[in-house]
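Worksheet: one structure, shown below.
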């Protein structure tokens, strides 16, 4: 039976400008219940022992809040990097961040979990569940099939209701 030992890394694309939301700063830095949305994702991935490192792909000329974000983790339990790898699209930011990770020594056969930095609903339990399910897929007799295992974490969409006075 083929089992491939891989480390897990999280990529949080965080280069978006939050244009649809509006405001004076990108959505991932906007506060929700007292902290920037990016911190919900960072906290969730930091609490998962299965995740070895967290990589945040930022826009070049990064946001001044990065120093504040780094100061919240003075003694990190795992590697985390803010990289100026932001591109014109989320896909390009992810691609640029993956390339930087390889340049910085991440094994090309390791797992990568990608989660949008402006999505605060992620929990350590959901992350562990996804990793567990993907590991179960990997327990096959075919080495090539084991290399191609993967998964997608999705949540049901809640209906939106709007109230008007007209």
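In my numbering, the protein residues as written are 2 to 167. For glycine and all other residues, C-beta sits at the position ideal for the given N, C-alpha and C. Computed from a prediction, not measured in an experiment: that's the story for all the values here.
- The Cβ atoms of residue 11 and residue 114 lie closer than 7 Å to each other.
- Assignment of residue 67 by DSSP, reduced to helix, strand and coil, places it in the helix class.
- DSSP lists 56 as the bridge partner or partners of residue 82.
- Between the alpha carbons of residue 49 and residue 99 lies a distance of about 20 Å.
- In this structure, DSSP gives residue 33 an extended state, which the three-state scheme calls strand.
- Relative to residue 45, the option among 119, 126, 89 whose CA is nearest is 126.
- Between the region 96-111 and the region 67-75, the count of Cβ pairs shorter than 8 Å is below three; the stretches do not touch.
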